[in-house]
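Quick note: the sequence shown uses the numbering used here, first residue 3, plus one each step. Note that the Cβ used here is the ideal one computed from N, Cα and C, for glycine as well. Small disclaimer: the values here were computed from a predicted structure and weren't measured.
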Amino acid sequence: MTKINKRRVEEFIRVDHAGERGAVKIYEGQLLALNTFVKDENLKKTIEEMKVHEKEHCEFFENEIKKRNIKPTKFLPLWDLLGVGLGFGSTLLGKKAAMLCTASVEEVIDEHYLNQINQLDKSEKDLKKKISKFRQDEIDHKDIAYNEGATKKGPYLLLDKIIKTGSRIAINISEKI
Ligand SMILES: [Fe+2]
Ligand SMILES: [Fe+2]
Numbered sequence: 003m004t005k006i007n008k009r010r011v012e013e014f015i016r017v018d019h020a021g022e023r024g025a026v027k028i029y030e031g032q033l034l035a036l037n038t039f040v041k042d043e044n045l046k047k048t049i050e051e052m053k054v055h056e057k058e059h060c061e062f063f064e065n066e067i068k069k070r071n072i073k074p075t076k077f078l079p080l081w082d083l084l085g086v087g088l089g090f091g092s093t094l095l096g097k098k099a100a101m102l103c104t105a106s107v108e109e110v111i112d113e114h115y116l117n118q119i120n121q122l123d124k125s126e127k128d129l130k131k132k133i134s135k136f137r138q139d140e141i142d143h144k145d146i147a148y149n150e151g152a153t154k155k156g157p158y159l160l161l162d163k164i165i166k167t168g169s170r171i172a173i174n175i176s177e178k179i
């Protein structure tokens, strides 16, 4: 069996770092809305809990970036801005849109992480284990989002498509640049 090449692993870590940081930013944007224009203490609590996981995920990749001397994506400032904007905007639209935002992103990430897990071999055993654990956290977030009212009915389907397309574009860019 051939060993997964180092450059590919670096791409994985670069994009995962960007994605997990983006997740933190989305939740920050949502909490910003919930601390200003939108009053919903339950939603706030749910989001705060999920944000704790995203911070843990992000810190892991932050550490890997330093340890392996990988360049983070050049687009971090843009993803930060778009992440906060997406979180803030979706929450202003209401709880269903806020939760759909989580569900849509997590559906893309679930698939993205599975794809990486399938490519990682024994030479990256620890990384594979971490990504598998994080993937399970993301699946849990997706389930929470649907339980809390995420829906793809009517106009929400368009929102789902926009968020997914945007996330996939961000993933493709962040792997390479
Ligand atoms: Fe995450
Ligand atoms: Fe998540």
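By DSSP, does residue i sit in helix, in strand, or in coil?
i      : result
Asn-44 : helix
Gly-89 : helix
Pro-74 : coil
Asn-37 : coil
Are the CB atoms of residue j and residue i within a distance shorter than 9 Å?
i       : j       : result
Thr-93  : His-143 : no
Lys-132 : Asp-123 : no
Met-101 : Leu-45  : yes
Leu-161 : Ser-106 : yes
Gly-24  : His-114 : no
Arg-16  : Thr-75  : yes
Glu-30  : Gly-91  : no
Val-26  : Glu-126 : no
His-59  : Asp-112 : no
Below 8 Å, is the gap between the Cβ of residue i and the nearest heavy atom of ligand 2?
i       : result
Met-52  : yes
Asp-139 : yes
Say the cut is 8 Å; is the CB of residue i nearer than that to a heavy atom of ligand 1?
i      : result
Val-59 : According to the sequence displayed, residue 59 carries His and not Val. Yes, ligand 1 has a heavy atom inside 8 Å of this Cβ.
His-55 : yes
Ala-25 : yes
Glu-22 : yes
Counting Cβ pairs, one atom from each stretch, are 3 or more of them under 8 Å apart for the stretch 74–82 and the stretch 169–176?
-> yes
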